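Number of protein chains: 6
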Amino acid sequence: MTEAAIPCLATLALGARVRGHLLVVEVERRRMGSRDATLLTLANGSGRLPSAPLWGEAGNRVTGLTPGNVVEVSGRVGTYRGRRQLEIETIRTAPKELVDPRTLLPALANAESCWSALDRWRAGIRSSGLARVTGLFYDDPAFRRLYEECPASPSGHHAALGGLLQHTFEVASIGRAIAAVAGADRDLVLAGALLHDIGKLDAYTWSGPFEVSQAGALLGHVALGARTLDRRVREVADPVCSAPELDLLLHLVLSHHGRLEFGAAVEPMTLEADILHYADDASAKSASMAEALRNPANFTGSARLSSRIWQLDRRRVYRGGGEFSADEAMPLKAEQPPSRG
Amino acid sequence: MTEAAIPCLATLALGARVRGHLLVVEVERRRMGSRDATLLTLANGSGRLPSAPLWGEAGNRVTGLTPGNVVEVSGRVGTYRGRRQLEIETIRTAPKELVDPRTLLPALANAESCWSALDRWRAGIRSSGLARVTGLFYDDPAFRRLYEECPASPSGHHAALGGLLQHTFEVASIGRAIAAVAGADRDLVLAGALLHDIGKLDAYTWSGPFEVSQAGALLGHVALGARTLDRRVREVADPVCSAPELDLLLHLVLSHHGRLEFGAAVEPMTLEADILHYADDASAKSASMAEALRNPANFTGSARLSSRIWQLDRRRVYRGGGEFSADEAMPLKAEQPPSRG
Amino acid sequence: MTEAAIPCLATLALGARVRGHLLVVEVERRRMGSRDATLLTLANGSGRLPSAPLWGEAGNRVTGLTPGNVVEVSGRVGTYRGRRQLEIETIRTAPKELVDPRTLLPALANAESCWSALDRWRAGIRSSGLARVTGLFYDDPAFRRLYEECPASPSGHHAALGGLLQHTFEVASIGRAIAAVAGADRDLVLAGALLHDIGKLDAYTWSGPFEVSQAGALLGHVALGARTLDRRVREVADPVCSAPELDLLLHLVLSHHGRLEFGAAVEPMTLEADILHYADDASAKSASMAEALRNPANFTGSARLSSRIWQLDRRRVYRGGGEFSADEAMPLKAEQPPSRG
Amino acid sequence: MTEAAIPCLATLALGARVRGHLLVVEVERRRMGSRDATLLTLANGSGRLPSAPLWGEAGNRVTGLTPGNVVEVSGRVGTYRGRRQLEIETIRTAPKELVDPRTLLPALANAESCWSALDRWRAGIRSSGLARVTGLFYDDPAFRRLYEECPASPSGHHAALGGLLQHTFEVASIGRAIAAVAGADRDLVLAGALLHDIGKLDAYTWSGPFEVSQAGALLGHVALGARTLDRRVREVADPVCSAPELDLLLHLVLSHHGRLEFGAAVEPMTLEADILHYADDASAKSASMAEALRNPANFTGSARLSSRIWQLDRRRVYRGGGEFSADEAMPLKAEQPPSRG
Amino acid sequence: MTEAAIPCLATLALGARVRGHLLVVEVERRRMGSRDATLLTLANGSGRLPSAPLWGEAGNRVTGLTPGNVVEVSGRVGTYRGRRQLEIETIRTAPKELVDPRTLLPALANAESCWSALDRWRAGIRSSGLARVTGLFYDDPAFRRLYEECPASPSGHHAALGGLLQHTFEVASIGRAIAAVAGADRDLVLAGALLHDIGKLDAYTWSGPFEVSQAGALLGHVALGARTLDRRVREVADPVCSAPELDLLLHLVLSHHGRLEFGAAVEPMTLEADILHYADDASAKSASMAEALRNPANFTGSARLSSRIWQLDRRRVYRGGGEFSADEAMPLKAEQPPSRG
Amino acid sequence: MTEAAIPCLATLALGARVRGHLLVVEVERRRMGSRDATLLTLANGSGRLPSAPLWGEAGNRVTGLTPGNVVEVSGRVGTYRGRRQLEIETIRTAPKELVDPRTLLPALANAESCWSALDRWRAGIRSSGLARVTGLFYDDPAFRRLYEECPASPSGHHAALGGLLQHTFEVASIGRAIAAVAGADRDLVLAGALLHDIGKLDAYTWSGPFEVSQAGALLGHVALGARTLDRRVREVADPVCSAPELDLLLHLVLSHHGRLEFGAAVEPMTLEADILHYADDASAKSASMAEALRNPANFTGSARLSSRIWQLDRRRVYRGGGEFSADEAMPLKAEQPPSRG
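Here is the structure:
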């Protein structure tokens, strides 16, 4: 039995049967009426579902669970106050060595094509200094292993395993397009895309539910990224770049949020830093918009106008019905870059 | 004698001789001490220069000039209070039929390659409805003639003859790159790029110095663009699209400034409208940044740090010295898109 | 039996009996404990009330209802968790041809006096061009029929059938007063008042619960109003005004929200556009304030200080106790304009 | 010789002769080349004009002048650097007892009709308490004498002798119109209009050029107005109103700027305070707009579009050409309220 | 039995017994299922706790209670939906003359040391005028009695009996430190600290749960403070200071919120007013931060990172674990000022 | 001859003789009329003064000067257009080895007393970890040498040699006072004060006129300070603190501007970081206010109300006349901390 048996927690119909592994995301103990009950929130890569209350013996049995545990569950989808819930029939802890919790977190599956594009672009970098600095990270297998897992945010845009890599690919791709028309140094924009979010490796944790780490909260991923770059460059015996060159790269990292009030430590002062910011913004915000349009919870039934969406500054969105759909199916071209769609 | 004889008004050295046609941009009459003087501001495509005061007979002779006139001038570059000025020796009005004032305005020379890219992309549009609506404008020679002249703004980004076409190309190019990674409808984004600024044809005048027209001031180019699109679609006998389709395109035009406070009539509600806004913003703002970096007036001597620049929200900018320049010259690839550089 | 039997849903006392027609505004199906229940929200012109849960057979019988249906109900006002609810005893669908849903929506009853004032003022317009343009709408019976029904907003100020007409009267009345002291063109202000919100006819729907239409969401009532005016003026064979005159009227419509961040497409550039904005603002915001003061839900018991009110930018309000009440009753004068009070 | 001999300083043509009394507004001493010169700025009710430099003996003779002095001048309008200046031929100090400096300040001439409207409205107040409190000021001849002189601001809206009275009339007039449609207590709104700016009597000085007083700077006219009302009410032996009534009136004064960031000490909490704010705003801002439209310095030649105007938040304005002018002259009706026009 | 028997309502463990006097803070009557229940919120100086529902006879018995009553209670701490509640066994009204409600409100116990520091500093004032004005209040036993009870806010910083006195001490202490390094008049800063919040005596009520009074809502504590100072100074026969001196003190009171948008009637114009604002801000905001760090409700379990905290502008806070704790215990020095800790 | 002979450039009277060393701050070459002239701006610690134009031979002789040179000058104070200027009689370059340019920059003279207070407070630090980290800098003579010279800003608050040390002392002094009343860890606040601005050593240059360095512009002093601290701590062989401790100190540095829009990389999350921000703000802003009050250029003559001051957010300030001056002179106490006054 695998989690493949639970196709999509977010859309399972009322009454559907559920069998397989799920990640424990929350454990709550409540007194309901005169009895104590335990409520779990369970998740897999497709979404999350609260359990119906577990009473008495059943409740006691799950009391020891903590967020991050994996359980093997069978049950049925029920409803309470209009919200779907999982009516658990059997539940037991899955041995840690059998199931990796990360298989139960939301994940983006494009790693290969993202790496392939990024590495191809890196290979075209014309300055050996830039190639060396980005190589300190992107030629390091340990870095790649972490980087292709890390989410781009705990609960915002690209909040999935692999989200940071997908976002990095998008920023690089958009940034190159802007650099091309703006007459900017496209290699410097690429280097900025590759380095701008490396601080997120220290700022987030993703072995269980995605969280901000203590260092992430106290320093922020922007300053953490600058620190990681500074430390890594200084660690290597042979200098990979000069001090002013390092400052220029640190400027890209520190300014990529564009404005102080959005979290930039300084505002962009070079054309490439400006472009990096626009590319970062376009990737992150268009991902949030696309997700808002996909999320059925934002719409009543088949309505095309959503309710107001907090994450989009309280905008409402409109999901079209293919007003201008293609007149006939056209195959995607081979050179099509990997879309997050 | 042609204006080619005046290579670049903005950088002519002290003492250089000037001979050729110039555009009259301002005419001012002043009493200086006990005498009346006339001061002209003259321009060609490379910049502008004030004249030294013209006294007595000479002053009287130029009194009838108005902004938009073309004059044939000979003189020498002098200086007054540290500012360069043109010491006019001879000046006479050029016959209107001999010199088109537009040859003396700043211009971008990429029209052909911009048209070529835009037309190639239009040819790939998969919805016949979208192709018909954009064709109403882009297959109309009269529209093309105006569109390839119009500046993208009177004194902001792409403020040159042909600036609007260059900007349109950039928005389409960047918008396609964002659409590709965001899984958006790339044809709708392209249509948005093609239509978003058509209101500028009515909002600006460019037969002489660039100005905002009366309609441009009272209605703004955003609402003017929506009006132009609405009128044009309703003019044609056979409907080119349905009413909801028209609304979707009008939404792209009306929302392309992104937020109400930046002049959007409504905020973007579709993924494609959002992407159009990011592409428009990236093109416009990176152009302003690039221009600020190129403008020697923003820097003292060879300083790399500029003074505070009003047009960039009072940011200072940094012009690098090729910190990470290419290790060897690499030819631009043939498929390189036309850069404004 | 008529809805007159249900005097005011918002203030009916606990235990009061209810008999008559009500509008279905929401239908929710919930699992409560181990049973499924249906909850309705019912409304008439005086307010809305949730039903107690309907179980089993009763619940099934109302499952087919949708918002916009009219039902004939008998029951009693009960309470649950401190909130009043309608304990339904009998309920059945009312035949569509018997009851117009609009009789069950909140309505303002001043149409006649509003029309009378507006038509009298229109008759005094001194420019035949202005008279013709406003007449295109206000002499058209179909326009008048729609206009006197439309709410001024779905859930904000004057959110009632007839609210738009009442608001239009108020804007005209206040605008004339400002124009008088400011030496402005009072006819142009009047025309602005008459035309500024005509886009709301397309932006809202009011055959059932008030909603924003698809066009209303995508284009906004400001741009829709400009489009309606532009189309109507161009439809008539004999031109009713010149192009610059039309631009001036479009400017009034497009700028009436005063500032970009409040939804104006352009900011007011004429004295009359400025005055129209102040009058619109004073009518809309004083209506919201008056309603907040009338709404008992904003106050605890007989307290004079309200809780913080979201719609008034989180202000608290104070309802006085006639501190300076009139020393003796004075009859309202005959020429008193129609108040919304 | 009287100041009537100088019709309008702001529009006198080049070469026009000037004879009469003028107010000294500024005195500046400068070294020009190798000589010392004195420059005066002179004004009368119609505007202000700088003098040409006065040299040697002439300069010495005017050295003792200070702002607020009145001089008798003859001369001619000349020009320097495109700006008009007064070329003084004779100048001598006018005896203080002969010319009141106030006759040389800008003034609004509507006092009588403003008083008449305000007093008529006051007579209609239905609460004896309100009548008594407003009467403490408006039945006091000393108050009336000061109040009809005071400007409404030193250099903003209604910046003229009598400006405060004109503004008060406008606020009352607009406020009554809003109160009528909003179902508010029109007497309380009237009382608010009458009292809201009484602090300006202490906040400004107008015996010479208009200035903010020391108390005006340190306390602001809002808090000063509250203090004046509080002190006056407590001075009279028989109480004119109760403590809660006084608080309600103080609330009107303290909140009339509407929002904290605009200088309100508290934000409006009653319908009448809200209306007072809208009326105050409409009077002040429409006056600024009207003045910007009248001021030729905002326009180049006969252009209809102005330059950006600092006082209007950098908006540009449009001065129309009677697009919709009346088809025939219509006499103003007798009951027309006094316009500032 | 006294309230000392209930050590800390906020942290009592599940199952703990409760006996003693509590203050009734809220009374709510709800229909739960088919029965009516009454729910109380009870408090003492250490926090507040909701009761379990009281049914039938028990519910009827407590129906007459109103906020501000004191009751004698016995019961046990239970839980419902994860929230602790008080399961009441016996409850009866305590005679008003036996228990002062104020003994059951949160209180700060530093009054003596605050008075002692403030009086010592007052004794050092070098200007007799300043000493006289502050003495009008601080030498008045009635003022001191009220002042040492008043909270500094109803539910924000120092929201406890005695909070205003503690805050005043803090502002004076911090203000003196800033004045010392800034070369400011330390006595004027002290006078500002002593007078800046005297308006709170009229703006709040604290005989029961802390509330904003009617005058406090309508006028605000800033304008009320200015009024109190103005009235008190004018009441005394012998003038204690000159009019300009009074204005300077009123300026301190009116400007102490620093900026208009934070509620200042005017912005600080003197060095001492500026310093008073910084000291006020530092005292108030560091108190809110300290309280947020102490409040276990902001943290999940023993987590060091809090959830987002509304009162701190949605910041998250970090409670450290003595990272840099003292290497060895060091006794607090005798001259240590009284800390709110 | 020494610069002591030029007591105060800012206040020297017209006609006063000047002899001594001055720093060249600006060199400008202008064509005036038909001749070329050179204009210098010269400065010493007391202020700056422009020179009268130097013509012909004199002009040529000074053409080679650049900002940062020291010259020996004799001359007289003259005036031009109401502005004082230095009429140079003799001028020659001073040998670099004879005069240190820093003696001619504005300087604060409190270094000794600031060091003494800071070192005394450091000696009281109770945690050996904190003592070690701060000692890495404050026990290093090279650091102290630089730190006691560095200005706290190029042209804002404490813009003088030694300004950073004075500011650090003030922040520590104020921070300790806040920590004392807030129950915070006073040693951590002290460490924050000592470390918060160490990035300014790299962000500014002060060997001539104060400037922002390239690194200062690209990275900002906040991120530079974090980098310096991180590098220094990692350089030493024996760890001086743990990684979480370092994060806590970096948080103090990165958050000391308080809010993102004021340049904080993250917002304060601990009580000590909050207090550090308030202390930094109070020191910097009260210094700007004090300087604005001292600067005669902000006032016309002896006026007490200033013009609007850009650096204080366009506030006007009021300079009192000792309204509440001490009744008799009182000697400053010995333990008085060093004031910047």
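Residue numbers (our numbering), protein chains in the order written: chain B, 1 to 341; chain Z, 1001 to 1341; chain E, 2001 to 2341; chain R, 3001 to 3341; chain V, 4001 to 4341; chain X, 5001 to 5341.
Built from N, CA and C at the ideal position, the CB exists for glycine as well.
Predicted, not measured: the structure shown is a model, and the values here were computed from it.
Residue i versus residue j - alpha carbon distance
i, j, result
"R:Pro3095", "R:Val3070", "8 Å"
"Z:Asn1110", "Z:Cys1150", "13 Å"
"V:Ala4326", "X:Leu5249", "16 Å"
"E:Val2025", "B:Gly156", "34 Å"
"E:Gln2214", "Z:Tyr1278", "24 Å"
"X:Gly5208", "X:Leu5042", "12 Å"
"E:Pro2331", "R:Ala3184", "Residue placement at E:Pro2331 cannot be trusted, given a pLDDT of 42 that sits under 50; what the coordinates show is reported in the next sentence. Answer to the nearest angstrom: the Cα atoms are 15 Å apart."
"E:Leu2201", "E:Leu2146", "7 Å"
Contact list for residue i against chain E, beta-carbon separation under 8 Å
i, result
"B:Arg186", "Within 8 Å Cβ-Cβ: nothing; B:Arg186 doesn't reach chain E, min ~35 Å."
Enclosing alpha helix (DSSP H) for residue i [first to last residue]
i, result
"V:Leu4194", "4186-4195"
"V:Arg4304", "Per DSSP, V:Arg4304 belongs to no alpha helix (DSSP H) and is neither H nor E."
Short Cβ contact (8 Å threshold) for residue i with residue j
i, j, result
"E:Ser2074", "E:Arg2019", "yes"
"R:Leu3181", "E:Ser2283", "In the sequence as displayed, the identity of residue 3181 of chain R is Val instead of Leu. Taking 8 Å as the Cβ cut-off, R:Val3181 and E:Ser2283 qualify as a contacting pair."
"X:Val5189", "X:Leu5276", "yes"
"B:Leu49", "B:Arg84", "yes"
"Z:Ala1292", "Z:Leu1260", "no"
Proximal chain B residues relative to residue i, where beta-carbon distance stays under 8 Å
i, result
"Z:Ala1326", "Arg126, Ser127, Asp187"
Contact set between residue i and chain X, taken where Cβ atoms lie within less than 7 Å
i, result
"Z:Arg1304", "Gln5214"
Residues that residue i contacts on chain V, provided the C-beta gap is smaller than 9 Å
i, result
"E:Arg2316", "Val4212, Ala4217"
Listed by chain order, chain R residues near residue i by CB distance under 9 Å
i, result
"E:Ser2153", "Chain R residues near E:Ser2153: none, gap ~16 Å exceeds 9 Å."
inquiry  = Using a Cβ-Cβ cutoff of 9 Å, what residues of the stretch 79-113 of chain B are near chain Z? List them in chain order.
reply    = none
request  = Quick one: which residues of the stretch 5023-5050 of chain X get their C-beta closer than 8 Å to a C-beta of chain R? List them in chain order.
outcome  = none
Interface positions of the stretch 216-236 of chain B facing chain X (Cβ-Cβ less than 7 Å), listed along the chain = Ala217, Leu218, Leu219, Gly220, Val222, Ala223, Ala226, Arg227, Asp230
request  = Select from the stretch 1158-1188 of chain Z all residues with a C-beta closer than 8 Å to any C-beta belonging to chain B, and list them in chain order.
outcome  = Phe1169, Glu1170, Ser1173, Ile1174, Arg1176, Ala1177, Ile1178, Ala1180, Val1181, Ala1182, Gly1183, Ala1184, Asp1185, Asp1187, Leu1188
request  = Please name the residues in the stretch 1235-1250 of chain Z whose beta-carbon is closer than 9 Å to at least one beta-carbon of chain E, in chain order.
outcome  = Ala1243, Pro1244, Asp1247, Leu1248, Leu1250
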